[in-house]
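S.K.: Under our numbering, the letters of the sequence shown match residues 95 to 315, in that order. Where a beta carbon is used, it is the ideal one built from N, C-alpha and C, also for glycine. Bear in mind that the values here come from a model prediction, so they are computed numbers and not experimental data. Structure incoming, see below.
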Amino acid sequence: MKKSNEVASGRLPWRGLFYVIGACAILLAAIYWMSSRPTLDEQASSILTALVDDDPDIAYSYTHEFQRESVGLTKEKYRILWQSLIRPRFQDVKQVKPPESYVQPGEHQGVASMLMRTGGGVEFEISTAAWATDSGGRIGLFNLLIEAWNVEYVHNKGQPLTTRSALEARLRGIQADRERLEQLGITGWPPAMPGQSITPWTEMIATWSARLQGLEKEEKQ
Numbered sequence: 095m096k097k098s099n100e101v102a103s104g105r106l107p108w109r110g111l112f113y114v115i116g117a118c119a120i121l122l123a124a125i126y127w128m129s130s131r132p133t134l135d136e137q138a139s140s141i142l143t144a145l146v147d148d149d150p151d152i153a154y155s156y157t158h159e160f161q162r163e164s165v166g167l168t169k170e171k172y173r174i175l176w177q178s179l180i181r182p183r184f185q186d187v188k189q190v191k192p193p194e195s196y197v198q199p200g201e202h203q204g205v206a207s208m209l210m211r212t213g214g215g216v217e218f219e220i221s222t223a224a225w226a227t228d229s230g231g232r233i234g235l236f237n238l239l240i241e242a243w244n245v246e247y248v249h250n251k252g253q254p255l256t257t258r259s260a261l262e263a264r265l266r267g268i269q270a271d272r273e274r275l276e277q278l279g280i281t282g283w284p285p286a287m288p289g290q291s292i293t294p295w296t297e298m299i300a301t302w303s304a305r306l307q308g309l310e311k312e313e314k315q
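Spelled out as structure tokens, the structure:
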């Protein structure tokens, strides 16, 4: 069989050259995108800074997409949730120090913490963890709402944040906020993993209550 003049002469056909150039361009773009993306600890710090800057859009952008979809929480609805349930609880809270952050071994999680002070002068630390995903660092959909509950029901009272006080804050928080959440179409707690279903509020409350009762029994022993 006869070889073409291009192959026989060792020259690369123009079409093949274009493929090589195109592949190189895609590779360079991917490298640039990866190198320009903030590190996980920087992303975790950005989430906490969003609280100080009153920026719900930044906070929303770092939440898991599958959790948003599971409860139908759009950016517009998250703004309403932020202004009605999160921001008011941080109204009298001031930042004491900028966020401090680090990346966990294995680079699967970036952690950031920030020292805050309540209007009553109580200092406490707020923290968050950004988990590595293909889309960047992500946090649980209601992580900042949980922090808001901790502010109102734990830190403002000068109590230490423990497993027990955190559970009590969740129960009091959902009791106070459930009606507003349901007005936004949120009927339960978002799933931990894609493909799972939401946990209805009644079931979630029962789970938290059972955990709290278990702790109380342990304390009495």
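1) Quickly, what does DSSP pair leucine 261 with across the bridge? List them, please.
2) Give the straight-line distance between the Cα atoms of alanine 153 and leucine 278, rounded to the nearest whole angstrom.
3) Would aspartate 147 and glycine 204 qualify as a contact pair, given that the criterion is a beta-carbon distance under 8 Å?
4) Using 8 Å as the Cβ pair cut-off and three pairs as the minimum, do the region 171-189 and the region 243-257 touch?
5) Give the DSSP-derived three-state secondary structure of leucine 142 in the structure shown.
6) Assign alanine 304 to one of three DSSP states: helix, strand, or coil.
7) Decide if aspartate 228 is buried, meaning its Cβ has at least 16 other Cβ atoms within 10 Å, or exposed.
8) Is alanine 119 helix, strand or coil when you go by DSSP?
9) Is the region 212-222 touching the region 271-285, taking contact as three or more C-beta pairs under 8 Å?
10) For glutamate 159, which of helix, strand or coil comes out of DSSP?
11) So methionine 243 is in the alpha helix (DSSP H); what residue range does that whole segment cover?
12) Closest by CA to leucine 142, which one among Thr222, Gln198, Gly166 and His158?
13) Determine, using beta-carbon pairs with one atom in the region 279-288 and one in the region 155-171, whether at least three such pairs fall under 8 Å.
14) Report back the beta-carbon spacing between tryptophan 243 and arginine 264 to the nearest angstrom; my notes put them in contact at under 8 Å.
15) I need the boundaries of the beta strand (DSSP E) containing leucine 175, first residue and last residue.
16) Beta strand (DSSP E) containing glycine 279: first to last residue?
17) Starting from the Cα of threonine 257, find the closest Cα among Glu310, Pro150 and Pro132 and give me that residue.
18) Nearest-angstrom Cα distance between leucine 175 and alanine 206?
19) For glutamate 313, which of helix, strand or coil comes out of DSSP?
20) Taking the DSSP output, what are the residues bridged to leucine 209?
21) With distance defined between alpha-carbon atoms, name the residue in Met208, Gly231 and Thr168 nearest to valine 197.
22) Once the 5 residues before and after isoleucine 280 are set aside, which same chain residues still bring their CB inside 7 Å of it?
M.R.: In brief:
1) Position 167 of the sequence shown, counting from 1, holds the residue named residue 261. For leucine 261, no pairing in a beta bridge is given by DSSP.
2) Position 59 of the sequence shown, counted from the first residue, corresponds to residue 153. Position 184 of the sequence shown, counted from the first residue, corresponds to residue 278. Alanine 153 and leucine 278: Cα-Cα distance of roughly 18 Å.
3) Locating residue 147 in the sequence shown gives position 53, where the first residue counts as 1. Locating residue 204 in the sequence shown gives position 110, where the first residue counts as 1. Cβ atoms of aspartate 147 and glycine 204: not closer than 8 Å.
4) Segments in contact, yes.
5) Taking the first residue of the sequence shown as position 1, residue 142 is located at position 48. In this structure, DSSP gives leucine 142 a helical state, which the three-state scheme calls helix.
6) In the sequence shown, counting from the first residue as 1, residue 304 sits at position 210. In the three-state reduction of the DSSP assignment, alanine 304 falls in the helix class, which pools H, G and I.
7) Mapped onto the sequence shown, residue 228 falls at position 134. Label assigned to aspartate 228: exposed.
8) Translated into positions along the sequence shown, residue 119 becomes position 25. Legend: pLDDT at alanine 119 = 49, less than 50; position of this residue unreliable, value from coordinates given subsequently. Helix.
9) With the cut-off at 8 Å, the region 212-222 and the region 271-285 do not touch.
10) Sequence index remark: in the sequence shown, residue 159 carries index 65 (1-based). Glutamate 159: helix per DSSP, three-state reduction.
11) Taking the sequence shown and counting its residues from 1, one reaches residue 243 at position 149. The question names methionine, yet the displayed sequence has tryptophan at residue 243. From DSSP, the alpha helix (DSSP H) with tryptophan 243 extends over 237-247.
12) The residue labelled residue 142 in the question sits at position 48 within the sequence shown. Shortest Cα-Cα distance from leucine 142 to any of Thr222, Gln198, Gly166 and His158 involves Thr222.
13) Cβ pair count under 8 Å is three or more, so yes.
14) Along the sequence shown, one-based indexing puts residue 243 at 149. Along the sequence shown, one-based indexing puts residue 264 at 170. Rounded, the Cβ-Cβ distance is 6 Å, consistent with contact.
15) To locate residue 175, count along the sequence shown from 1; it is residue 81. Counting along the chain, leucine 175 falls outside any beta strand (DSSP E), though it belongs to the alpha helix (DSSP H) covering 169-175.
16) As a working note, residue 279 is residue 185 in the sequence shown. Looking at the DSSP string, glycine 279 is not in any beta strand (DSSP E), and its letter there is neither H nor E.
17) Counting from one through the sequence shown, the residue named residue 257 turns up at place 163. Distances from the CA of threonine 257 to each of Glu310, Pro150 and Pro132 were compared; the closest alpha carbon is that of Glu310.
18) To locate residue 175, count along the sequence shown from 1; it is residue 81. To locate residue 206, count along the sequence shown from 1; it is residue 112. Taking the straight line joining both Cα atoms gives about 23 Å.
19) On the sequence shown, residue 313 is found 219 positions in, with the first residue counted as 1. It is helical.
20) The residue given as residue 209 occupies position 115 in the sequence shown. Under DSSP, leucine 209 forms a beta bridge with Glu219.
21) The count along the sequence shown starts at 1 and reaches residue 197 at position 103. When C-alpha distances from valine 197 are compared across Met208, Gly231 and Thr168, the shortest belongs to Gly231.
22) For this step, residue 280 is matched to residue 186 along the sequence shown. For isoleucine 280, same chain residues with a beta-carbon under 7 Å away, outside a window of 5 residues either side, are Val165 and Leu167 in chain order.
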